[in-house]
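What follows is one structure encoded as structure tokens, with my remarks underneath.
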Amino acid sequence: MQSVENLNDLRLVAWIAETGSLAGAARRLGLNHATVFRRLNQLESDTGVRLFERIAGRYHATAAGEELMRAGAELDAIATSAMLRVAGADLRPSGLVRISTTDSLALTLLPPILALCRQRYPQIRLTLEVDNKSANLSKRDADIAVRPTITPPDYLIGKHIAPLEFCIYAASSYLALHADLPLHQHEWIALDDAHSGHRSLRWLGNILPLDEVGYRSSSFGLVQQACLQGMGMAILPCILGDSSDALQRVGEPIPECAAALWLLIHPDLRETTRVKAVFQLLHEELATAMLRFA
1 MQSVENLNDL RLVAWIAETG SLAGAARRLG LNHATVFRRL NQLESDTGVR
51 LFERIAGRYH ATAAGEELMR AGAELDAIAT SAMLRVAGAD LRPSGLVRIS
101 TTDSLALTLL PPILALCRQR YPQIRLTLEV DNKSANLSKR DADIAVRPTI
151 TPPDYLIGKH IAPLEFCIYA ASSYLALHAD LPLHQHEWIA LDDAHSGHRS
201 LRWLGNILPL DEVGYRSSSF GLVQQACLQG MGMAILPCIL GDSSDALQRV
251 GEPIPECAAA LWLLIHPDLR ETTRVKAVFQ LLHEELATAM LRFA
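So the sequence shown is numbered by UniProt numbering: it starts at 1 and just counts up by one.
And the structure:
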């Protein structure tokens, strides 16, 4: 008797015995009837024994066939155990997770949440990448993105966290001198032209020409710092403006500037243990943190 060449031969025997037919085994194995017939004949020829008897239209394993079935079950168990051990290395959250976000979120909501993440998952290393332009998750610029957006990309899996409001802010020292001025006569601080599509600039452009804005910068974090110096009024996300007692809201939140806070991940990474663990923690903690602004 020659040896059985591979585990697939043993699976073939098992499925023929379980279904009682070549057609049934073919369906389970994703093969056609002719292929199963040919492989069974070849297997019986190689082993030199008859593996099945056909009785009343059904295939019944002979003693030799049952022996191969038992061997197949043992080898399947060994293979399954090995696969679980390999996969188990990823069951314990560990490794690097890269998070992309804006400076507003990096300076306010995220630090305590990321500290909690490190405490809960000490084997996970975190990289926080601050970029006010959206990271391209399809190219794996980051594993997770925490972003203000209205329409997240269709190719990503997203969790809507909460609405994100914007309001006019100014330092108390500035308002003490200029509180009574109409909006268009104030000194203004705003994002620069690299953010020309931002809703805050479109709104401000209806108040005065943007080329009359006295100070512009590349991020809301820098705009906030200028505002704290009393350089003028600025439209800021409330999570950033409210983070400093030295700034005061001027009026109510501006509906035309509103966005939403989203947590985004590429579909290929959603079951990666370390990324999934960080994603779930961010989802829970950001939702709780945003309740302060509801």
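Beta carbons: idealized from backbone N, C-alpha and C, even for Gly.
Count the other CB atoms, across all protein chains shown, that sit within 10 Å of the CB of D143; report buried if there are 16 or more and exposed otherwise.
buried
Using a Cβ-Cβ cutoff of less than 6 Å, which residues in the same chain neighbour R125 once the five nearest sequence positions on both sides are dropped?
L96
Hey, V146 and L282 are a contact pair by Cβ (cut 8 Å); roughly how many whole angstroms apart?
7 Å
Report the option in I168, I161, F220 whose CA atom is closest to the CA atom of I207.
I168
Just to confirm, are G230 and Y155 a CB contact at a threshold of 8 Å?
For the pair G230 and Y155, the CB atoms are not nearer than the 8 Å cut-off.
L261 and I161 - do their beta-carbons sit closer together than 8 Å?
Going by beta carbons, I161 and L261 fall inside the 8 Å limit.
Alpha carbon of T108 to alpha carbon of L10, nearest angstrom
60 Å
Contact between the stretch 98–115 and the stretch 236–255 is defined here as three or more beta-carbon pairs at a separation below 8 Å; is this criterion met?
yes
Could you check what DSSP says for Y174 in three-state terms: helix, strand or coil?
DSSP places Y174 in the helix class (H, G or I) of the three-state scheme.
Pick helix, strand or coil for E18, following the three-state DSSP scheme.
Looking at E18 - three-state DSSP - the assignment turns out to be helix.
If you draw a straight line from the C-alpha of residue 295 to the C-alpha of E165, how long is it?
Here the chain has residues from 1 to 294 only, and residue 295 is not among them.
Could you check the C-alpha separation between T19 and E66 for me, to the nearest Å?
14 Å
Compare the beta carbon distance of R39 and L68 with 8 Å and say whether it is the shorter of the two.
no
Using DSSP with H/G/I as helix, E/B as strand and the rest coil, what is M1?
In this prediction, M1 scores a pLDDT of 42, lower than 50, which makes its location untrustworthy; no coordinate-derived value is stated.
Rounding to the nearest angstrom, what Cα-Cα distance links V152 and A258 in this structure?
Looking at the sequence itself, residue 152 is Pro, so the reference to Val does not match. Distance between P152 and A258, taken at the CA atoms: about 15 Å.
Neighbourhood of P267 by C-beta, 8 Å cutoff - its chain only, sequence neighbours within 5 removed
Same-chain partners within the cutoff: Y155, L156, I157.
Supposed close pair residue 350, L7 - CB separation, criterion 8 Å:
The question about residue 350 has no answer here: the residues shown for the chain are numbered 1 through 294.
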